[in-house]
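Have a look at the structure below before the remarks.
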Amino acid sequence: MTRSFNQWFFSILFSLICLPFYGQEAKNEPVEILILGTLHFNQFQNKTSEQTDFTSQLRQQEFLEVTKKLKMFHPDAIFVEREPKNQKHIDSLYQMRDFDYTTLKNGVSELYQIGFRLAKSINLKTVYGVDYYESVSQDLFEKGTNLQIFKDSLKAFQNKGRSITRSFLKGERTIREFLIELNLPENIKLSHRLLFNTPAYVTNGNFKNDKNFDAVDHTYIGAEYISLFYERNLKIYTNILNIQKQTHAKRIVLIIGQVHVGVLKEIIGNNPNYKVISANKYLMK
2 MTRSFNQWFF SILFSLICLP FYGQEAKNEP VEILILGTLH FNQFQNKTSE QTDFTSQLRQ
62 QEFLEVTKKL KMFHPDAIFV EREPKNQKHI DSLYQMRDFD YTTLKNGVSE LYQIGFRLAK
122 SINLKTVYGV DYYESVSQDL FEKGTNLQIF KDSLKAFQNK GRSITRSFLK GERTIREFLI
182 ELNLPENIKL SHRLLFNTPA YVTNGNFKND KNFDAVDHTY IGAEYISLFY ERNLKIYTNI
242 LNIQKQTHAK RIVLIIGQVH VGVLKEIIGN NPNYKVISAN KYLMK
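Residue numbering for the sequence shown follows the numbering used here, starting at 2 and increasing by one per position.
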């Protein structure tokens, strides 16, 4: 009897001791964020063919295919490339039932065709804007030492992007296949290198609209260029962190322009509270 009691007592005691550790482990599970790099489909909308008309039955079915793949991630929040200050407008559009979003200006954008579609399919109450918008051109340099190195990199990036997009608009790839190619590691690295590495070669120069920028260090003009793009993405990251805190989301799909993916993966990946998931893990299933 005493032996049985001792076994029971120590079993309960061990469970009570371990309970805080199990709770702590569950509490510290990282937020998983799947980052989908895309283009802005509305910029390529053209009703001359079903391949370039994103309202066509063909392309609408392809958008549906993409959302079905992303749904397999089981997200509990969708973040999109819109600013938080526009959240009320996003909410009002999202709450419209049985509404044909393709009738809106820019209604074929990824916001509606992937973001809204995915969120509605899993009964989320809305999607959340996390963008910080700044109108900064990739072709910002006017002159500078080693500028040709950057120009060559920009040309290579543009040629690659045009090749992928041209093939897609000809109907040689579905939307899912197109997004897979955009999110290949080598293409993410290409766009990331263009904006956040190669510009550092450029020194002793200036921007085309210097007067629009405060206190530019012309000696390190390339580093200034990088800082402009990096600052925007840091502010996007800040929005992601704060909206996650508000929503308590644990599995986020972030839908954003492809050129943001590399830097956001880098920044978010260094946060131990987050785990970055490749979109292609689900798009390729």
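Glycine included, C-beta positions come from ideal geometry on N, C-alpha and C.
To the nearest angstrom, how far is the alpha carbon of residue 24 from that of residue 48? Low local confidence applies: a pLDDT of 43 at residue 24 is under 50, so the model's placement there is unreliable, with the coordinate-based value given in what follows. The alpha-carbon atoms of residue 24 and residue 48 are separated by roughly 55 Å.
Inter-stretch contact at 8 Å, needing at least 3 Cβ pairs: the segment 67-84 / the segment 255-262 = yes
* Own chain, CB closer than 8 Å to residue 39, minus 5 neighbours either side, in chain order -> 111, 115, 180, 183, 256, 257, 258, 259
Which value, in whole angstroms, describes the spacing of the CA atoms of residue 174 and residue 216? 46 Å
What runs of the alpha helix (DSSP H), each 4 residues or longer, lie entirely inside the segment 182-242? 186-197
*Starting from residue 146, follow its DSSP beta bridges and name the residues at the other end.*
204
| message | Checking 8 Å against the spacing of the C-beta atoms, do residue 64 and residue 98 come in under that value? | response | no
Query raised in the report: What residue does the alpha helix (DSSP H) around residue 277 start on, and which one ends it?
Result: Taken as a continuous stretch (DSSP letters only), residue 277 belongs to no alpha helix (DSSP H), being part of the beta strand (DSSP E) at 275-279.
Alpha carbons only, please: which of 35, 106, 153 is nearest the one belonging to residue 299? No answer is possible for residue 299: the residues shown for the chain start at 2 and end at 286.
| Runs of beta strand (DSSP E) lying entirely within the segment 122-174, each at least 3 residues, in chain order | 142-146
Quiz prompt | Collapsed DSSP secondary structure at residue 60 in the structure displayed | solution = helix
Could you check how far apart the C-beta atoms of residue 222 and residue 204 are, in whole angstroms? I think they sit under 8 Å.
6 Å
With a CB to CB cut of under 8 Å and the five nearest residues on each side skipped, what residues in its chain are close to residue 283?
35, 70, 71, 73, 74
request  = Can you grab the Cα-Cα spacing for the pair residue 289 / residue 227, in whole Å?
outcome  = No answer is possible for residue 289: it lies beyond the span of the chain, which begins at 2 and ends at 286.
| request: For the beta strand (DSSP E) holding residue 33, just list the boundary residues, first then last. | output: 32-39
Task: Rounded straight-line distance, which links the Cα of residue 52 to that of residue 172 - done: 5 Å
| message | Three Cβ pairs or more, each shorter than 8 Å: is that satisfied between the segment 90-97 and the segment 139-154? | response | no
Q: Check each candidate in 133, 126, 286 and name the one with the smallest Cα separation from residue 232.
A: 133
Contacting residues, own chain, Cβ-Cβ under 6 Å from residue 276 (five flanking each side not counted): 31, 33
Between which two residues does the beta strand (DSSP E) containing residue 270 stretch? Counting along the chain, residue 270 falls outside any beta strand (DSSP E), though it belongs to the alpha helix (DSSP H) covering 262-270.
So what's residue 109 in DSSP terms, helix, strand or just coil? coil
### Task
Hey, could you find the ends of the alpha helix (DSSP H) residue 256 is sitting in?
Per DSSP, residue 256 belongs to no alpha helix (DSSP H); it is in the beta strand (DSSP E), 252-258.
Contact under 8 Å by Cβ, residue 128 with residue 95 = yes
- Taking residue 321 as the reference, which of 274, 265, 270 has the closest Cα? The shown model of the chain, from 2 to 286, leaves out residue 321, and the question about it has no answer.
**Message:** On a Cα-Cα basis, can you pick out the residue from 236, 279, 264, 271 that is closest to residue 252?
**Reply:** 279
Quiz item: Do residue 151 and residue 199 come within 8 Å of each other at the CB atom, strictly closer than that value?
Solution: yes
### Query
Under the rule that 16 or more other beta-carbon atoms within 10 Å means buried, what is residue 164, buried or exposed?
exposed
Quiz prompt | Cα-Cα separation between residue 1 and residue 262, rounded to whole angstroms | solution = Beyond the ends of the chain as shown, which are 2 and 286, falls residue 1; an answer cannot be given.
Q. Roughly how many angstroms lie between the CA atoms of residue 196 and residue 189, to the nearest whole one?
A. 11 Å
Residues near residue 137 by beta carbon distance below 6 Å, same chain, minus five either side:
229
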